[in-house]
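Some notes on the structure that comes next.
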Amino acid sequence: MKLFYQTAIILLIPFLCTAQSNYKPGYIVNLKGDTIHGFIDYREWDTSPAFIKFKYSPESKITKLSPHDINIISISKNAEYQRYAGPITTDPTNTDIMIEERDTTFRTDTVFLELIQRGKNLALYSYSDNIKTRYFIGEQPDYTPVELIYRLYYDFDKASHLSGRTVNEDTYLKQLFALAQKYNCITDLFIRDIEDAEYKEAHLTHIVSMINGISKKKHIKTTN
Numbered sequence: 008m009k010l011f012y013q014t015a016i017i018l019l020i021p022f023l024c025t026a027q028s029n030y031k032p033g034y035i036v037n038l039k040g041d042t043i044h045g046f047i048d049y050r051e052w053d054t055s056p057a058f059i060k061f062k063y064s065p066e067s068k069i070t071k072l073s074p075h076d077i078n079i080i081s082i083s084k085n086a087e088y089q090r091y092a093g094p095i096t097t098d099p100t101n102t103d104i105m106i107e108e109r110d111t112t113f114r115t116d117t118v119f120l121e122l123i124q125r126g127k128n129l130a131l132y133s134y135s136d137n138i139k140t141r142y143f144i145g146e147q148p149d150y151t152p153v154e155l156i157y158r159l160y161y162d163f164d165k166a167s168h169l170s171g172r173t174v175n176e177d178t179y180l181k182q183l184f185a186l187a188q189k190y191n192c193i194t195d196l197f198i199r200d201i202e203d204a205e206y207k208e209a210h211l212t213h214i215v216s217m218i219n220g221i222s223k224k225k226h227i228k229t230t231n
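Read in order, the letters of the sequence shown correspond to residues 8 to 231 in the numbering used here.
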């Protein structure tokens, strides 16, 4: 039995070392605007990280940093996050937990948004928590994020008490269409594509790429 445990531990050592070796070269930008290079523990988070672990060198101590401490996280060839302080919608958009009336509630928070694309006109970001994934848009020159709004709810007919309808409130399409008009990007192709655009990263990235003048070939190359 003792030999079994010793063998199991030996076999696990490479796995444990790999699991703990997630520090990637990158940099942070602090609240003063100073850029500091170092190493960041990158985990490919399913939800947006509340904090990151940062080392100034491979041998230095770990420092935990939240969006209250830094403005930007850049992890070489992996991801970039930006500090955001402002309103965040809190209504669910999951069909499995359909709400029965329009919900405009939000919270004010300071979080990290993941950068999806930054171009000559717009930047697209995402933020995920245990409620849903939201997307944000920012305009040049400072690319300040504003949430792209999408709501999904069941509009119950209180008068008849019998039926109602599912409402897909696609305000995000109106927001993007207004930006396309501002940057003179309206074409027949754009109109067709935006009419079909769902509130999903691939769809929104495609629309933002068109507004940024990024070709489909270049977009695919830079996102894969």
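Just so you know, even glycine gets a beta-carbon here, dropped at the ideal spot from N, CA and C.
Return the first residue and the last residue of the alpha helix (DSSP H) that PHE58 is part of.
-> In this chain, PHE58 is not harboured by any alpha helix (DSSP H), its DSSP state being neither H nor E.
Tell me whether LEU38 sits in a helix, a strand or coil according to DSSP, three-state version.
-> coil
Inspect the CB distances between the segment 131-149 and the segment 89-103 and report whether three or more fall short of 8 Å.
-> yes
Write down every uninterrupted run of the beta strand (DSSP E) in the segment 95-180 whose length is 3 residues or greater and which is fully enclosed by it, in chain order.
-> Entirely contained in the segment 95-180, the beta strand (DSSP E) runs reaching 3 residues are, in chain order, 113-125, 129-135, 140-146, 151-155, 158-163, 171-176.
Could you tell me the distance, in whole angstroms, from the CA atom of ILE221 to the CA atom of LEU131?
-> 13 Å
ILE106 versus ASP98: straight-line alpha-carbon distance, rounded = The alpha-carbon separation between ILE106 and ASP98 amounts to approximately 8 Å.
Cutoff 7 Å; reference TYR190; Cβ partners in own chain excluding five residues on either side | So the list reads ASN128, ILE218, once near-sequence residues are dropped.
Take THR115 and list the residues in its own chain whose beta-carbon comes closer than 6 Å to its own, dropping the five residues that flank it on each side.
-> PRO94
Nearest to GLU51 (by Cα), restricted to the options ASN137, LYS31, PRO74 | With distances taken between Cα atoms, GLU51 lies closest to LYS31.
At what residues does the alpha helix (DSSP H) containing THR212 begin and finish?
-> 208-219 is the span of the alpha helix (DSSP H), which, as asked, contains THR212.
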